[in-house]
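In our numbering, the protein residues as written are 1 to 169.
Even for Gly, the Cβ is constructed at its ideal location relative to N, Cα and C.
Here the structure is a predicted model, which means the values were calculated and not measured.
Below: the structure, in structure tokens.
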Ligand SMILES: CC(C)(COP(=O)(O)OP(=O)(O)OC[C@H]1O[C@@H](n2cnc3c(N)ncnc32)[C@H](O)[C@@H]1OP(=O)(O)O)[C@@H](O)C(=O)NCCC(=O)NCCS
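Structure (structure tokens):
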């Protein structure tokens, strides 16, 4: 393990992380930037299903997720971002593993996420997770382009449903 990875801290977020998260997402250049308030709420009310990775006091990774209100065994992963300086070092994989192994409450049986076809890194992240756990992936329509406001011209986002995962002891 190199020095960069040794200095990583993986933990739940708190409201004081929201500024760093906002900047991380803004600088990712590919993700939709939500409001600063949305990141505050995620880092506060949804902290049990979100993950922060920091080096020193700098946020270099963030994963937001929440349990489906109707199917609490299903976690919807909303945004995953790693700072450009720290990509391709397995940080996203570690955030997903943290989520699957350290989340309190009912066991997580399925993960869901929407992934645009052009996002190779994200596709490989989630297909790699399914492969590592030897579980299937079901891909369905998800959110089609016409569901987004006209002026945004958002790529369609097929829905990946991954599982069933074996409950972690
Ligand atoms: C997608 C993203 C979060 C991946 O983070 P990461 O920490 O670099 O990913 P990891 O190092 O854990 O790698 C996960 C897998 O993706 C692959 N991968 C990572 N970056 C890649 C790239 N640019 N191109 C192709 N594959 C890539 C890795 O090889 C690995 O696959 P493997 O298990 O088959 O070896 C990061 O690239 C990012 O922040 N992108 C901008 C934001 C974004 O698009 N988020 C996803 C949508 S919510």
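Asked                                                                                                  : Found
Under the three-state DSSP convention, the category residue 64 falls into                              : strand
Local conformation of residue 143 per DSSP, three classes                                              : strand
Which of helix, strand or coil DSSP assigns to residue 36                                              : helix
DSSP bridge partner residues for residue 171 (one or two, in chain order)                              : Outside the displayed range of the chain (1 to 169) lies residue 171, so it cannot be described from this structure.
Identified DSSP bridge partners for residue 114                                                        : 159
Contact belief for residue 137 with residue 123 at Cβ below 8 angstroms, rounded distance in angstroms : With a Cβ gap of about 10 angstroms, residue 137 and residue 123 do not count as contacting.
Closer than 7 angstroms: residue 124 CB and nearest ligand 1 heavy atom                                : yes
Secondary structure of residue 149, DSSP reduced to three states                                       : coil
With 16 other Cβ atoms within 10 Å as the buried cut-off, status of residue 2                          : Confidence at residue 2 is low in this model, with a pLDDT of 46, below 50, so its placement is unreliable and the value that follows should be read with caution. Label assigned to residue 2: exposed.
Environment of residue 145 [buried if 16+ CB atoms lie within 10 Å]                                    : exposed
Nearest residue (CA-CA) to residue 134, options 21, 106 and 165                                        : 165
Exposed unless 16 or more other CB atoms sit within 10 angstroms - verdict on residue 153              : exposed
Those residues which DSSP pairs with residue 75 across a bridge                                        : 67 and 111
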